[in-house]
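0 is the number of the first residue of the sequence shown in this note's numbering; add one for each residue after it. The structure under discussion appears below in the form of structure tokens.
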Amino acid sequence: MYIKKILIAIVIIGLIVAAFFANFVYKAMLKPNTAFNNEVAYVFIPSDSSYEEVRNQLILLLDDIDSFDDLAEQKKYSTNIRAGKYAIKKGMTNNDIINSIRSGNMPIKVSFNNQNTLEKLAGRISTEIEADSISLLLAMKDEAFLADNNFNKATALGMYLPNSYEFFWNTSAEKFRERMLIEYKRFWNESRIQKANDIGLSQNQVIALASIVYEESKQASEQPRIAGVYMNRLRIGMPLQADPTLKFAAYQLPEYKNTIIKRVLNKHKEIDSPYNTYKNRGLPPGLIAMPDISAIDAVLNYEKHKYLYFAADAKRLGYHKFAKTLAQHNVNAREYHRFLSLQGINK
Numbered sequence: 000m001y002i003k004k005i006l007i008a009i010v011i012i013g014l015i016v017a018a019f020f021a022n023f024v025y026k027a028m029l030k031p032n033t034a035f036n037n038e039v040a041y042v043f044i045p046s047d048s049s050y051e052e053v054r055n056q057l058i059l060l061l062d063d064i065d066s067f068d069d070l071a072e073q074k075k076y077s078t079n080i081r082a083g084k085y086a087i088k089k090g091m092t093n094n095d096i097i098n099s100i101r102s103g104n105m106p107i108k109v110s111f112n113n114q115n116t117l118e119k120l121a122g123r124i125s126t127e128i129e130a131d132s133i134s135l136l137l138a139m140k141d142e143a144f145l146a147d148n149n150f151n152k153a154t155a156l157g158m159y160l161p162n163s164y165e166f167f168w169n170t171s172a173e174k175f176r177e178r179m180l181i182e183y184k185r186f187w188n189e190s191r192i193q194k195a196n197d198i199g200l201s202q203n204q205v206i207a208l209a210s211i212v213y214e215e216s217k218q219a220s221e222q223p224r225i226a227g228v229y230m231n232r233l234r235i236g237m238p239l240q241a242d243p244t245l246k247f248a249a250y251q252l253p254e255y256k257n258t259i260i261k262r263v264l265n266k267h268k269e270i271d272s273p274y275n276t277y278k279n280r281g282l283p284p285g286l287i288a289m290p291d292i293s294a295i296d297a298v299l300n301y302e303k304h305k306y307l308y309f310a311a312d313a314k315r316l317g318y319h320k321f322a323k324t325l326a327q328h329n330v331n332a333r334e335y336h337r338f339l340s341l342q343g344i345n346k
């Protein structure tokens, strides 16, 4: 009789323990534990985060943070934090959430264009990935890296080709730079390298000229013709006389900071700068802006013609009129200057 009571007690205790264990398993692993109404919430876990820092992000997203803590301890997540961007879907259990933030680092799309200085590019990228603008800028301007890869301060921006790329959010400044170098080398395939060689320009020179072409016209259909004008000038030793380079030179001077030059004047042609292509023959030391890929390919595939001049078309804004002679160009230029004057644009 006594043994029977003991066995019954053991069974009851076992059932109680099993019930507690089942409840633990249910709450920790099987019960949905999200507290938001959207279909998905995102968690950004910085590099070197502690469990406490991750927990602070999750508190507002979970119904029961204590049950999450228990399972995180059991699955050793609390001592194995991984940086990145992670998705937590509505209705996930603690087990689902831990699996997601342990191995579900999501790639993000990073796009950039028209970032005309390394400073602006670093600022733009820092809004998309974990690396801050200062670390990005330091990596971009690292002189040893630039020298090792045939760049300098004047040409460094040319390594960053405007496009959309996939990165993990926790990408470091150095990893971002390395990836962009890979993309740059991928862009410069055998075909493009051969075309650059055929026209007698280095890769940096192609991009420098492309930046001028791009600043002259955003119309991809017109860019090969404009590139052809500049190639004609280079071939005969004529100065490029590119107005965008004068603007670039002016913007380096204190008096032109925070200004917009809408009309190039004779005083701008007197600026003492290697980027003044009215005074200096040949290409400037580096690019003056971040060109679109269309402009780079326009230089590599420039249109063969006999035009030496072009002026903005007052009747088709955004396009240009081309001329073979200076006399015809002066007619086209005067027409556009009259248009600017009528608009009250005098500087």
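Every residue gets a Cβ at the ideal spot worked out from N, C-alpha and C, and that includes glycine. No experiment lies behind these values; they were computed from the predicted model shown.
Spatial neighbours of residue i within its chain, please: CB distance less than 7 Å, with the 5 preceding and 5 following residues excluded, ordered by chain position.
| i | result |
| --- | --- |
| His328 | Tyr308, Ala310, Ala322 |
| Asn148 | Leu180 |
| Ala86 | Val39, Tyr41, Ser99, Gly103, Met105 |
| Pro283 | Ala207, Thr244, Pro273, Tyr274, Thr276 |
| Ser48 | Ile80, Ala82 |
| Lys74 | Ile97 |
What number of angstroms, rounded off, separates the C-alpha of residue i from the C-alpha of residue j?
| i | j | result |
| --- | --- | --- |
| Leu60 | Ala248 | 52 Å |
| Lys108 | Phe35 | 25 Å |
| Ile181 | Asn112 | 18 Å |
| Tyr318 | Tyr335 | 12 Å |
| Asp271 | Ser46 | 47 Å |
| Thr324 | Met230 | 16 Å |
| Ala82 | Ile97 | 13 Å |
| Glu150 | Ser163 | Note that residue 150 is Phe in the sequence shown, not Glu. Phe150 and Ser163: Cα-Cα distance of roughly 23 Å. |
| Ala363 | Glu214 | For residue 363 there is no data in the structure shown, the boundaries of the chain being 0 and 346. |
| Asn37 | Lys89 | 7 Å |
| Tyr159 | Arg178 | 10 Å |
| Ser132 | Lys174 | 14 Å |
| Arg337 | Tyr183 | 43 Å |
| Arg101 | Ile344 | 59 Å |
| Gly122 | Ala143 | 22 Å |
| Ile292 | Ser110 | 14 Å |
| Ile64 | Ile124 | 34 Å |
| Lys152 | Leu200 | 19 Å |
| Val330 | Gln251 | 32 Å |
| Glu269 | Arg315 | 30 Å |
| Ala326 | Asn257 | 36 Å |
Spatial neighbours of residue i within its chain, please: CB distance less than 8 Å, with the 5 preceding and 5 following residues excluded, ordered by chain position.
| i | result |
| --- | --- |
| Ala297 | Ala209, Val212, Ala219, Gln222, Pro223, Ile225, Ala226 |
| Leu299 | Arg191, Lys194, Ala195, Ile198, Val205 |
| Tyr255 | Ala249 |
| Asn279 | Pro238, Pro273 |
| Ile259 | none |
Are any of the Cβ atoms in chain D nearer than 9 Å to that of residue i?
| i | result |
| --- | --- |
| Lys314 | Going by chain labels, chain D is absent from the structure shown, which holds only one protein chain. |
Return yes when the Cβ of residue j is within less than 9 Å of the Cβ of residue i, no when it is not.
| i | j | result |
| --- | --- | --- |
| Ser66 | Lys30 | yes |
| Gly157 | Asn203 | yes |
| Leu120 | Leu135 | yes |
| Ala71 | Asn104 | no |
| Asp141 | Arg176 | yes |
| Thr154 | Leu57 | no |
| Glu118 | Ser171 | no |
| Pro349 | Pro161 | Residue numbering for the chain in the displayed model covers 0 to 346; residue 349 lies beyond these limits and cannot be assessed. |
| Ile44 | Glu52 | yes |
| Phe167 | Glu127 | no |
| Asp68 | Arg54 | yes |
Skipping 5 residues on each side, what residues in its chain have a beta carbon closer than 6 Å to that of residue i?
| i | result |
| --- | --- |
| His267 | Leu245, Ala249 |
| Ala332 | Ala310 |
| Ala138 | Ala172, Glu173, Arg176 |
| Tyr306 | Val228, Phe321, Lys323 |
| Arg232 | Leu239 |
Which residue wins for smallest C-alpha separation from residue i, given the options the options?
| i | options | result |
| --- | --- | --- |
| Val263 | Asn257, Pro253, Asn275 | Asn275 |
| Asn115 | Lys74, Gly236, Ala130, Pro243 | Pro243 |
| Met237 | Asp69, Tyr277, Arg178 | Tyr277 |
| Ser340 | Val330, Ala313, Glu302, Ala326 | Ala313 |
| Asn217 | Ala294, Ala153, Thr258 | Correcting the residue identity first, residue 217 is Lys in this sequence and not Asn. Of the listed residues, the one whose Cα sits closest to Lys217 is Ala294. |
| Asp62 | Glu52, Met91, Glu51 | Met91 |
| Asn169 | Glu302, Tyr159, Lys84 | Lys84 |
| Tyr301 | Ile260, Arg234, Val228 | Val228 |
| His304 | Arg234, Ile344, Leu286, Val330 | Arg234 |
| Leu239 | Arg337, Leu316, Gly281, Ile344 | Gly281 |
| Ala241 | Asn257, Asn265, Arg337 | Asn265 |
| Asn32 | Lys75, Gln73, Asp95 | Asp95 |
| Gln342 | Asn279, Lys261, Arg232, Leu200 | Lys261 |
**Q.** Contiguous beta strand (DSSP E) assignments of at least 3 residues, all confined to the region 174-214
**A.** Not a single unbroken stretch of the beta strand (DSSP E) spanning 3 or more residues falls wholly within the region 174-214.
Q) Which whole runs of the alpha helix (DSSP H) in the region 28-90 are 4 residues long or more, in chain order? A) Correct list: 50-57, 64-73.
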